[in-house]
Amino acid sequence: MYDATEAAQRELIRWRTREQRLVESLKEVEEERRRLEEELEKVDQQAAYYDSLTRDMKRTMGPSGLSGLLSAFRRP
Numbered sequence: 004m005y006d007a008t009e010a011a012q013r014e015l016i017r018w019r020t021r022e023q024r025l026v027e028s029l030k031e032v033e034e035e036r037r038r039l040e041e042e043l044e045k046v047d048q049q050a051a052y053y054d055s056l057t058r059d060m061k062r063t064m065g066p067s068g069l070s071g072l073l074s075a076f077r078r079p
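Position one of the sequence shown corresponds to residue 4 (my numbering), numbered consecutively onward.
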């Protein structure tokens, strides 16, 4: 009987240790997820900035390519 109780206590300790490791791993995953979300937000902001910059440049410079060149010759 003593061996069974001792074995059960060791098993309980083993499972609690495993639980602690899992909880710590989950915290690390959550921190990494937050960090990646922040990084993705920055990338989205940069993409939006460059999209608007490209749009503004096209508006300022006019259409590119052959059609832009031909329309430039037609301008007075």
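A virtual CB, placed ideally from N, CA and C, is assigned to each residue, including glycine.
Please indicate yes or no: does the CB of L29 lie closer than 6 Å to some heavy atom of the ligand ADP?
-> Looking for the ligand ADP in the displayed structure turns up nothing, as the structure carries no ligands at all.
Between V32 and L56, what straight-line distance do the alpha-carbon atoms span, to the nearest angstrom?
-> 36 Å
Among the residues of its own chain, which have a CB less than 8 Å from the CB of L43, if the five just before and after it don't count?
-> none
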